[in-house]
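Working notes, structure below.
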Amino acid sequence: MYAEVAGFYARQMRRLDEGDAEGWAATFTEDAVCRLSTRLEAMRGREELIAGARAAATAIEAAGELRRHMTGMFEIEERPGGFLHVRANTIVYATAASGASRVHQVCTCTDTLVRGTKGGRELLVKDRWIVVDGT
Amino acid sequence: MYAEVAGFYARQMRRLDEGDAEGWAATFTEDAVCRLSTRLEAMRGREELIAGARAAATAIEAAGELRRHMTGMFEIEERPGGFLHVRANTIVYATAASGASRVHQVCTCTDTLVRGTKGGRELLVKDRWIVVDGT
Amino acid sequence: MYAEVAGFYARQMRRLDEGDAEGWAATFTEDAVCRLSTRLEAMRGREELIAGARAAATAIEAAGELRRHMTGMFEIEERPGGFLHVRANTIVYATAASGASRVHQVCTCTDTLVRGTKGGRELLVKDRWIVVDGT
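So this is what it looks like as structure tokens:
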């Protein structure tokens with residue numbers, strides 16, 4: 001379980017860092033809700049997730065930066081109905097074209113994961129709540 | 001074993017970051033010894049741990065900051081007598097009210113864990129030695 | 001598998017951080033190739049790895065710094081022939097003599113691991129490709 005969850009976050013965040021908005025959105029359920037403390041409106045469903053990821057990628061590229069997400073500190077609980085409740089921390093690093101790296105954001109994540117019905121029964125995010133420290 | 005240890009550190013550190021001094025101290029044995037390279041005196045027992053965590057929380061709040069601990073790089077060894085010897089690194093991040101985040105401290109931890117006798121035989125810290133880089 | 005891989009990286013990186021060039025090089029195969037985006041030439045074999053680690057340690061000491069590697073975000077795939085293909089991120093932290101810590105480098109690693117033939121069939125790096133963000 002731990003290995004599966006940790007591997008899921010690694011794959012999901014890496015897609016985001018590599019600018020694969022569709023691949024990233026595909027790690028959420030069709031009806032997923034993703035809320036961030038930095039956005040007034042939740043993102044609902046894959047189309048909104050793709051649009052959100054693309055807008056972020058455009059802004060990061062305009063800033064001449066690379067971003068990397070490091071997620072860890074997992075607390076994993078199985079819940080009735082096949083849900084996994086996961087608490088995690090994510091640190092987002094930014095590197096400028098000059099090569100200088102810094103901590104961009106410190107985030108806490110509270111997620112509900114479910115298993116997909118197609119293919120390998122892979123994990124998917126159904127609900128995500130991200131609090132960015134300092135917002 | 002790895003999952004249990006990683007989950008233990010996630011839970012323990014999260015309690016500290018959330019200001020739950022009692023909950024944090026409860027993850028140590030009654031007779032635990034916790035030494036830090038930044039303190040002359042070791043903390044011994046839960047009362048001293050609670051006092052130490054409260055003093056830290058007060059200082060952090062006075063500074064208008066949030067702190068988050070990210071622990072990883074676990075090397076876990078089973079030792080005779082049911083002890084676990086764990087080496088780990090912890091990075092402490094600080095976020096100011098302005099929203100700016102930074103690396104606060106880089107720490108190496110050498111811990112001895114034991115299993116509690118009550119309830120779920122959960123892991124507890126019996127001995128902790130933290131070296132903060134640069135001190 | 002996850003625990004073994006995570007433990008391997010913890011041990012390997014800790015040897016580097018502690019200045020144990022020989023111990024670090026011993027976690028690679030005899031014919032290992034290690035490429036970095038910051039070096040024109042690959043390091044090939046343990047002698048070149050030892051020389052590279054020593055040169056780095058000398059430069060870090062001259063700068064009056066300590067370095068710590070935190071590796072995570074593992075994606076692990078078993079490949080034919082007993083190889084493990086591992087993607088990971090590594091953040092390198094630097095702490096100055098003054099005590100100030102910072103993010104030094106953000107790296108992505110793509111490794112091929114194999115099992116050694118001597119002793120405990122431990123993991124060894126056969127091929128490593130490190131991209132340092134911003135280079």
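Protein chains in written order, with this note's numbering: chain A, 1 to 135; chain B, 1 to 135; chain C, 1 to 135. Cβ atoms here follow ideal geometry from the backbone N, Cα and C, with glycine treated the same way.
Residue i CB to nearest chain B CB: under 8 Å?
i, result
"Leu-66/C", "yes"
"Glu-47/A", "no"
"Gly-134/A", "yes"
"Ala-97/C", "yes"
Cβ of residue i less than 8 Å from any chain C Cβ?
i, result
"Gln-12/B", "no"
"Arg-15/A", "no"
"Phe-83/B", "no"
What residues from chain C crowd round residue i, counting only those whose CB sits closer than 9 Å?
i, result
"Tyr-2/B", "Tyr-2, Ala-3, Glu-4, Ala-6 and Gly-7"
Would you decide whether residue i is buried or exposed? Buried here means 16 or more other CB atoms lie within 10 Å of its CB.
i, result
"Glu-61/B", "exposed"
"Ala-53/A", "buried"
"Ala-25/C", "buried"
"Thr-90/B", "buried"
"Leu-66/A", "buried"
"Leu-124/A", "buried"
Mind pulling the chain B residues with CB within less than 9 Å of residue i?
i, result
"Ile-91/A", "Arg-68, Met-70, Ile-91, Tyr-93 and Ser-101"
"Ile-60/A", "Here the premise fails: no neighbours, minimum Cβ distance about 17 Å."
Looking only at C-alpha atoms, which of the options sits nearest to residue i?
i, options, result
"Thr-95/A", "Arg-14/A, His-104/A, Ala-88/A and Arg-87/A", "His-104/A"
"Asp-20/B", "Thr-58/B, Phe-83/B and Gly-99/B", "Thr-58/B"
"Phe-28/C", "Met-1/C, Arg-39/C, Arg-15/C and Ser-37/C", "Arg-15/C"
"Lys-126/A", "Val-106/A, Ala-42/A and Arg-68/A", "Ala-42/A"
"Gly-64/B", "Thr-71/B, Met-70/B, Ser-98/B and Tyr-9/B", "Ser-98/B"
"Cys-109/B", "Met-70/B, Leu-66/B and Glu-30/B", "Met-70/B"
"Leu-113/A", "Arg-128/A, Arg-39/A, Ala-100/A and Thr-38/A", "Arg-128/A"
"Arg-102/C", "His-85/C, Arg-68/C and Glu-78/C", "Arg-68/C"
Roughly how many whole angstroms lie between the Cα atoms of residue i and residue j?
i, j, result
"Val-131/B", "Arg-87/B", "11 Å"
"Ala-55/A", "Phe-74/A", "28 Å"
"Asp-133/C", "Arg-35/C", "14 Å"
"Gly-121/C", "Gly-45/B", "The sequence shown places Arg at residue 121/C, rather than the Gly named in the question. Taking the straight line joining both Cα atoms gives about 42 Å."
"Ala-32/A", "Tyr-2/B", "30 Å"
"Ala-10/C", "Gly-72/B", "8 Å"
"Phe-83/A", "Glu-48/A", "23 Å"
"Ile-22/A", "Gly-116/B", "A small fix is needed here, since residue 22/A is Glu in this sequence, not Ile. Distance between the alpha carbons of Glu-22/A and Gly-116/B: 46 Å."
"Asp-111/C", "Pro-80/B", "35 Å"
"Ser-37/B", "Val-106/B", "12 Å"
"Met-13/C", "Ile-76/A", "27 Å"
"Glu-18/B", "Val-5/C", "31 Å"
"Phe-8/C", "Glu-78/C", "16 Å"
"Val-92/B", "His-85/A", "25 Å"
At a Cβ threshold of 8 Å, is residue i touching chain A?
i, result
"Ala-57/B", "no"
"Val-86/C", "no"
Interface residues of chain A around residue i at Cβ under 8 Å?
i, result
"Phe-74/C", "Ala-6, Gly-7 and Ala-10"
Quick one: which chain B residues come within Cβ less than 7 Å of residue i?
i, result
"Val-106/A", "Arg-68, Tyr-93, Thr-95 and Ser-101"
From the beta carbon of residue i, is the nearest beta carbon of chain E less than 8 Å away?
i, result
"Phe-74/C", "Here chain E cannot be found, since the structure's protein chains are A, B and C."
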